[in-house]
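All remarks here apply to the structure that follows.
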Amino acid sequence: MVDLPRRSLLAGIAAMGAAACSKINESETAKSLFKAAEDGHRITHRALAGKQGLAPEYSRAERSPTFRGNGSVTVADPFYQEQLTKGFPEWKLEVRGLVEKPLALTLAEVRALPQRTQITRHDCVEGWSAIGEWQGPQLAALLDAAKVKEGANFIVFRCADVLYGRDYYESIDMVDAYHPQTIIAHTLNGEPLPEKNGAPLRMRIERQLGYKQAKYVKAIEAVKSFDDIGQGKGGFWEDVAGYQWYAGV
Amino acid sequence: MKKHALSTRLWHWVNAAAIIVLFMTGLNISNAHRYLYWGDYGFDPKDAWLSVIKFPGWATIPQHYNLALARDWHTTAAWPFGVGLLFIWVAMLVNGHFRRDLTTTPRDWTPGAVIASVKAHSGDGAAHGYNPVQRILYGMVFGVLLPLMLFTGLAISPGFQAAAPWLLDVLGGRQSARSLHFIAAWGIFGFFVIHIVLALIDWRLILEMFTGGKRADAAAPPAPPEPDTMPPEDGAPAHG
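Dropping the structure here:
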């Protein structure tokens, strides 16, 4: 067959290509190129939209009929499960780290703060979208109450769920932390958050993808850098799979 | 006078590389959620208008499923693609490539003009300039497919929507924009296949995209005034 050499040649080229690609992917040049592209997107988005520019909000009629749960949809921790059945009477949300006045709030106290209600779209990194109505206090209000110290550059969310043996966490910078649509939601579509959607408290960071929307939040931590947290990439999926820290694209 | 301006040649090869990376990483990203929807939301396969096949490893970058790396390549290659598209549009408008080669008249869209262009093209290559089929095809690529690719890509980025919420409205919602992104990608792929096949029939065309080549009509004997130098029909009266 005349076809054979050509085929093996093609296979050879493809294999060389694949080998070259995996080398390229792991090279420092590629990593710095990816980082530059990611920073470029973040800087451009914020230059065009402004730091406080709002994500679109929808009407009640535009909500999706249900809201998909993804990633962790249940929490194994026995204390969590016990609290879930009782409505989280003893659940505490801590605000800690680089703050002058650390806080530990009950769910009732979180609900008593000034509230924001927003109907927004949730975009998963995989491509799907759902629309829901969220309610909760703005993160800015909590950070102001705890008095964030100078030198804090990021806010880290510590979560109760464990995936692949690791604690879920996420982080955002101060621009998104003080964005008006960044809220700690306790309500979805008028009901307390279901377990699959992050009961009792989850983050909404509306200008970023789903993996930033930390669920089952236990603590909000102001930090100088996230280098020493997890594997140092700023979030669970960033550490585990190498997802971009800026999830705005 | 070169057949292809330097700006055209530079853009052509940078864009070719960007588009190959974007397309093949795009297929990898498609594998993450293989359902397309219309409207703003969509997550349930039973609401999908299209269930997409799982693209095999040989067609994707990287050659196995890796959403993080595919996205890194995709959002990186988006820069030369997007900036390049702006660059080539400005260059085409400034150097006259657009007006000369890509604009059409109603007559170019008639079946007769299409048949004539195909006949001229299959001849001895004596035809010069862009024939109606080329004008229409390249016009669609530059005017519709490439910009649609860019704008749908921007629209599905949650960080960009705060800058241009109107874009999502124009495109019919985020999942519609995602569907159009997919459709336009295959439209460009279709053009890519035709483009490669025709270029391979006469490999000198590929060489010319490096060297610039020579414009056929520049060497021609004294030519009659080109149609686009004539005064517009409904304009001022003819000379003197």
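Chain order of the listed sequences is A and B.
All the letters of the first sequence, read from the start, carry residue numbers 143 to 391 under my numbering.
All the letters of the second sequence, read from the start, carry residue numbers 108 to 347 under my numbering.
For every residue, glycine included, the Cβ atom is placed at its ideal position computed from N, Cα and C.
Here the structure is a predicted model, which means the values were calculated and not measured.
Following the continuous alpha helix (DSSP H) through residue i, name the residue where it begins and the one where it ends.
i	result
B/Ile303	281-308
B/Leu257	253-262
A/Leu284	281-288
B/Arg214	Taken as a continuous stretch (DSSP letters only), B/Arg214 belongs to no alpha helix (DSSP H), as it is neither H nor E.
B/Gly191	174-202
A/Asp318	316-319
A/Ala178	170-191
A/Leu249	249-254
B/Asp276	272-278
B/Trp118	113-137
A/Pro220	220-228
A/Ala383	378-383
B/Gly266	265-268
Is the CB-CB distance between residue i and residue j below 8 angstroms?
i	j	result
B/Val240	B/Pro187	no
B/Ala185	B/Gly260	yes
B/Ile295	B/Ala306	no
B/Phe194	B/Trp145	no
A/Val217	A/Ala302	yes
A/Arg300	A/Ala361	yes
A/Thr259	A/Gln277	yes
B/Ala292	B/Met256	yes
B/Gly266	B/His111	no
A/Pro336	A/Leu330	yes
A/Tyr353	A/Tyr385	yes
A/Ile273	B/Tyr148	yes
A/Leu249	A/Trp233	yes
A/Met210	B/Phe150	The question names Met, yet the displayed sequence has Arg at residue 210 of chain A. The answer is yes: Cβ separation under 8 angstroms.
A/Met212	A/Cys266	As written in the sequence, residue 212 of chain A is Asn, which differs from the Met given in the question. Result yes, Cβ atoms of A/Asn212 and A/Cys266 sit closer than 8 angstroms.
A/Ala291	A/Leu240	Before going on, a small fix: residue 291 of chain A reads as Lys here, not Ala. Yes, the pair counts as a contact, with Cβ atoms nearer than the cut-off.
B/Ala270	A/His187	yes
B/Gly246	B/Leu209	yes
A/Lys177	A/Lys243	no
B/Leu113	B/His181	no
A/Ser271	B/Gln268	no
A/Glu268	B/Ala223	no
B/Arg178	B/Asp215	no
B/Pro254	B/Leu192	yes
A/Ala283	A/Pro256	yes
A/Tyr306	A/Val382	yes
Grab the span of the beta strand (DSSP E) containing residue i for me, first residue to last.
i	result
A/Val304	296-305
B/Asp245	In the sequence as displayed, the identity of residue 245 of chain B is Tyr instead of Asp. Here B/Tyr245 belongs to no beta strand (DSSP E); instead the alpha helix (DSSP H) covers 239-247.
A/Gly211	Element bounds for A/Gly211: n/a, residue is neither H nor E.
A/Met345	344-346
A/Thr262	258-265
Mind checking who residue i pairs with in its DSSP beta bridge?
i	result
A/Arg127	With chain A represented from 143 up to 391, any question about residue 127 of chain A goes unanswered, as that position is not in the structure.
B/Gly149	A/Ser271
A/Ile325	A/Gln280, A/Arg346
A/Ser313	A/Val298
A/Tyr353	Looking at the DSSP assignment, A/Tyr353 forms no beta bridge with any residue, so it has no partner.
A/Pro334	A/Thr329
B/Ser158	B/Tyr142
A/Arg308	A/Leu305
B/Leu312	B/Leu312 is not bridged to any residue.
A/Ala197	The partner list for A/Ala197 (beta bridge, DSSP) is empty, contrary to what the question assumes.
A/Arg246	Reading off the sequence, residue 246 of chain A comes out as Ala, not Arg. Beta-bridge pairing links A/Ala246 to A/Glu236.
Q) Taking three-plus beta-carbon pairs below 8 angstroms as touching, is the segment 366-383 of chain A in contact with the segment 286-303 of chain B? A) The segment 366-383 of chain A is not in contact with the segment 286-303 of chain B.
Q: Could you say if the segment 347-363 of chain A and the segment 304-318 of chain A meet the contact criterion of at least three C-beta pairs nearer than 8 angstroms?
A: At 8 angstroms Cβ cutoff, the stretches touch.
Q. Between the segment 360-386 of chain A and chain B, which residues of the former have CB atoms less than 7 angstroms from a CB of the latter, in chain order?
A. From the segment 360-386 of chain A, only Ala383, Gly384, Tyr385, Gln386 have a Cβ closer than 7 angstroms to chain B.
Q) Using 8 angstroms as the Cβ pair cut-off and three pairs as the minimum, do the segment 358-376 of chain A and the segment 268-286 of chain B touch? A) Too few Cβ pairs lie closer than 8 angstroms, so no.
Q: Could you run through the segment 173-193 of chain B and flag, in chain order, every residue whose CB is less than 7 angstroms away from some CB of chain A?
A: Within the segment 173-193 of chain B, the residues whose Cβ lies closer than 7 angstroms to some Cβ of chain A are Leu174, Ala175, Leu176, Arg178, Asp179, Thr182, Thr183, Trp186, listed in chain order.
Q. What are the residues of the segment 275-299 of chain B that lie near chain A, defined by any Cβ-Cβ distance shorter than 8 angstroms?
A. For the segment 275-299 of chain B, the beta-carbon criterion of a distance under 8 angstroms to any beta-carbon of chain A is satisfied by Leu275, Arg281, Gln282, Arg285.
Q. Touch check for the segment 320-339 of chain A and the segment 192-204 of chain A: three-plus C-beta pairs under 8 angstroms?
A. Taking 8 angstroms as the limit for Cβ pairs, the verdict is that the segment 192-204 of chain A does touch the segment 320-339 of chain A.
Q. Using a Cβ cut-off of 8 angstroms, which residues of the segment 262-291 of chain A contact any Cβ in chain B, in chain order?
A. Considering only beta carbons, the part of the segment 262-291 of chain A lying closer than 8 angstroms to chain B consists of Arg263, Asp265, Cys266, Val267, Glu268, Gly269, Trp270, Ser271, Ala272, Ile273, in chain order.
Q. How about the segment 150-162 of chain B and the segment 198-205 of chain B: do they share at least three Cβ pairs that are nearer than 8 angstroms?
A. Taking one beta carbon from each stretch, the segment 150-162 of chain B and the segment 198-205 of chain B have fewer than 3 pairs nearer than 8 angstroms; the two do not touch.
Q. Using 8 angstroms as the Cβ pair cut-off and three pairs as the minimum, do the segment 168-186 of chain B and the segment 130-139 of chain B touch?
A. Yes, since at least three Cβ pairs between the segment 168-186 of chain B and the segment 130-139 of chain B fall closer than 8 angstroms, the two stretches touch.
Q) Mind listing which residues of the segment 321-355 of chain A have their C-beta closer than 7 angstroms to chain B's C-betas, in chain order? A) Hits within the stretch, in order: Arg349, Gln350, Leu351.
Q) Going along the segment 313-324 of chain B in order, which residues come within less than 9 angstroms of chain A, judged by CB to CB distance? A) So nothing in the stretch comes that close.
Q: Closer than 7 angstroms, Cβ to Cβ, to anything on chain A: give me those residues from the segment 141-171 of chain B, in chain order.
A: Here the close residues are Asp147, Tyr148, Gly149, Phe150, Trp165, Ile168, Pro169, Gln170.
Q) Of all the residues that make up the segment 254-270 of chain B, which are near chain A by a beta-carbon distance shorter than 8 angstroms? A) Taking 8 angstroms as the cut-off between beta carbons, the residues of the segment 254-270 of chain B near chain A are Ile263, Ser264, Pro265, Gly266, Phe267, Gln268, Ala269, Ala270, in sequence order.
Q.
Please identify, using Cβ separations under 9 angstroms, the residues of the segment 212-225 of chain B that lie next to chain A, in order along the chain.
A. Interface annotation for the segment 212-225 of chain B against chain A: empty, criterion Cβ-Cβ distance under 9 angstroms.
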